[in-house]
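To start, the structure itself, in structure tokens.
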Amino acid sequence: MDSRTHAPEAGSTSPYLAASTYIDHGHPDVVAQAAAIARQATSTLDLVKRCFEFVRDEIQHSHDFKRNPVTCKASDVLRHGTGYCYAKSHLLAALLRANGVPTGLCYQRLSVSDAGAPYCLHGLNAVWLAEHGWYRIDARGNKPGIQAAFTPPIEALAFAIREPMERDLPEIWAEPLPCVVKVLEKYTDEDEVARHLPDVPLTTGTSTKPEQPMT
Numbered sequence: 118m119d120s121r122t123h124a125p126e127a128g129s130t131s132p133y134l135a136a137s138t139y140i141d142h143g144h145p146d147v148v149a150q151a152a153a154i155a156r157q158a159t160s161t162l163d164l165v166k167r168c169f170e171f172v173r174d175e176i177q178h179s180h181d182f183k184r185n186p187v188t189c190k191a192s193d194v195l196r197h198g199t200g201y202c203y204a205k206s207h208l209l210a211a212l213l214r215a216n217g218v219p220t221g222l223c224y225q226r227l228s229v230s231d232a233g234a235p236y237c238l239h240g241l242n243a244v245w246l247a248e249h250g251w252y253r254i255d256a257r258g259n260k261p262g263i264q265a266a267f268t269p270p271i272e273a274l275a276f277a278i279r280e281p282m283e284r285d286l287p288e289i290w291a292e293p294l295p296c297v298v299k300v301l302e303k304y305t306d307e308d309e310v311a312r313h314l315p316d317v318p319l320t321t322g323t324s325t326k327p328e329q330p331m332t
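For the sequence shown, the numbering used here assigns the number 118 to the initial residue and increments by one for each residue that follows.
Pasting the structure below:
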């Protein structure tokens with residue numbers, strides 16, 4: 118079953134509503150921001166769109182803007198106003214979960230330079246929409262050549278899969294991959310992160326099997 122297009126089984130969305138170390142939607146700052154966005158929303162779809170656009174537009178991508186500190190926890194991303202794509206996906210998950218919208222983490226494997234190796238993971242989200250099922254959104258931040266948007270049921274992601282060794286990883290994770298957290302917690306400067314971006318090895322065939330999610 119394609120988990121992005123079919124309804125989850127009863128109770129299976131609960132992990133995608135939980136608070137955790139990195140998706141700390143119980144933090145007062147996250148609670149306040151989630152409530153502020155919700156007050157402006159006219160529907161669930163409008164709420165998701167507003168949360169997505171807040172993280173996409175108001176939180177600066179660390180490498181695009183050469184911003185420090187390196188962040189990982191959703192509350193730290195919000196406090197400092199910056200994060201890599203992975204960290205921004207943690208904040209978006211936290212804002213949506215705080216508003217009762219099941220939200221997971223997704224990854225793509227992409228060429229760093231669009232010209233073969235090296236490769237790295239790119240972090241984005243999947244949100245459960247009653248009208249459409251699991252729908253992927255990418256709040257990494259727009260710039261020339263990158264125009265991600267909220268246009269359900271059509272995906273409008275930052276990056277397309279173009280090369281043979283690139284992949285859309287099929288899993289929807291409740292928690293960030295350990296290899297992502299390891300990089301964000303090890304390096305203190307955004308340029309160091311850019312030089313050590315996380316990746317997962319490819320198996321034979323057309324899919325990948327990343328590490329188990331953090332609990």
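Heads up, the beta-carbon is just placed ideally off N, CA and C, and yes, glycines get one too.
Between which residues of its own chain and residue i is the CB-CB distance below 7 Å, once the five residues before and five after are set aside?
i                 : result
arginine 167      : Ile154, Gln157 and Ala158
phenylalanine 276 : Gln225, Leu227 and His239
CA-CA distance, residue i and residue j?
i                 : j              : result
phenylalanine 169 : leucine 314    : 24 Å
alanine 135       : valine 218     : 11 Å
alanine 113       : isoleucine 176 : With the chain covering 118 to 332 only, the question about residue 113 has no answer from this structure.
isoleucine 263    : threonine 130  : 30 Å
proline 235       : serine 160     : 42 Å
methionine 282    : serine 230     : 13 Å
tyrosine 133      : valine 300     : 23 Å
lysine 333        : aspartate 308  : Past the boundaries of the shown model lies residue 333; the chain is included only from 118 to 332, so the question cannot be answered.
lysine 190        : isoleucine 140 : 6 Å
leucine 294       : glutamate 288  : 11 Å
glutamine 242     : threonine 220  : Correcting the residue identity first, residue 242 is asparagine in this sequence and not glutamine. Taking the straight line from one Cα to the other gives about 7 Å.
arginine 196      : valine 147     : 9 Å
Going by the DSSP bridge assignment, what does residue i pair with across the sheet?
i           : result
serine 228  : Tyr236
valine 218  : Paired residues: none, contrary to the question.
glycine 200 : His178
alanine 243 : Gly221 and Arg253
Please return the same chain residues whose Cβ sits closer than 8 Å to the Cβ of residue i, not counting the five positions on each side in sequence.
i             : result
threonine 325 : With a pLDDT of 38 at threonine 325, under the threshold of 50, the predicted position of this residue should be treated as unreliable, though the coordinate-derived value follows. Here the set comprises Arg226, Arg284, Leu286, Val317, Pro318 and Leu319.
tyrosine 304  : Val187, Val310 and His313
Going by C-alpha to C-alpha distance, which of the options sits closest to residue i?
i                 : options                           : result
glutamate 292     : Ala247, Cys223, Arg253 and Leu238 : Cys223
glutamate 302     : Leu238, His180 and Pro186         : Pro186
cysteine 296      : Arg173, Gln150 and Tyr203         : Tyr203
alanine 256       : Asp308, Phe182, Val298 and His178 : His178
aspartate 181     : Arg279, Lys299, Val172 and Gly258 : Gly258
glycine 233       : Ser206, Ile278, Ile289 and Pro261 : Ile278
phenylalanine 171 : Ser206, Thr138 and His144         : Ser206
Output the boundary residues of the beta strand (DSSP E) element that contains residue i.
i              : result
alanine 273    : 271-273
isoleucine 154 : Run containing isoleucine 154: none in the beta strand (DSSP E); it sits in the alpha helix (DSSP H), 145-157.
alanine 266    : 266-268
arginine 253   : 250-254
Within the same chain, show all residues whose beta-carbon is closer than 6 Å to that of residue i, passing over the 5 residues directly before and after it, in chain order.
i             : result
alanine 151   : Leu212, Ala215 and Asn216
lysine 252    : Looking at the sequence shown, residue 252 is not lysine but tyrosine. These residues qualify, in order along the chain: Val244, Leu246 and Pro269.
glutamate 272 : Arg253
Counting along the chain, where does the alpha helix (DSSP H) carrying residue i start and finish?
i                 : result
threonine 161     : 161-175
arginine 196      : 191-197
phenylalanine 182 : 179-182
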